[in-house]
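Enquirer: One structure follows; several queries about it will come next.
Here's what the structure looks like:
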C-alpha cells in the first residue's frame, strides 16, 4: 500500500469517526423525534399489565445504542488493520 492510499484511508476513517461521535451524541434523539412526530407514546406507563406502545420507543433506543457501538467497533478494527 502506498503512502497516498494509506493517507486517503486514514482520512476516511477519521470522517467515519467524527460521524460516529455525532451519532453517539445525537443518536438517542432520533427515536424520540420519530416517536414525537408519529404521536406515540404520548404517555409512557410501565405497568406490568399495560405496556402499550412504549416498548417501541425503548427498543429503538437500544437499537440506536447498539448501532453506535457497532460503528465504534468498526472504526477500531479499521484503525488496527491500517496500523498493521
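In the numbering used here, the protein residues as written are 6 to 89. Virtual Cβ for every residue (Gly too), placed ideally from N, Cα, C.
Rounded C-beta distance between residue 32 and residue 72? I'm assuming under 8 Å.
Expert: Within the chain shown, residue 32 is the residue found at index 27, counting from 1. Within the chain shown, residue 72 is the residue found at index 67, counting from 1. Confirmed, Cβ separation roughly 7 Å.
Enquirer: Using the three-state DSSP reduction, which class does residue 6 fall into: helix, strand or coil?
Expert: Position 1 of the chain shown, counted from the first residue, corresponds to residue 6. Coil at residue 6, not helix or strand.
Enquirer: Buried or exposed: where does residue 40 fall if 16 or more other Cβ atoms within 10 Å of its Cβ makes it buried?
Expert: Stepping through the chain shown from its first residue, residue 40 is reached at position 35. Answer is buried; the Cβ neighbour count reaches 16.
Enquirer: Using 8 Å for Cβ pairs, my map puts residue 27 next to residue 80. What's the rounded Cβ distance?
Expert: In the chain shown, residue 27 corresponds to position 22, counting from 1. In the chain shown, residue 80 corresponds to position 75, counting from 1. With a Cβ gap of about 13 Å, residue 27 and residue 80 do not count as contacting.
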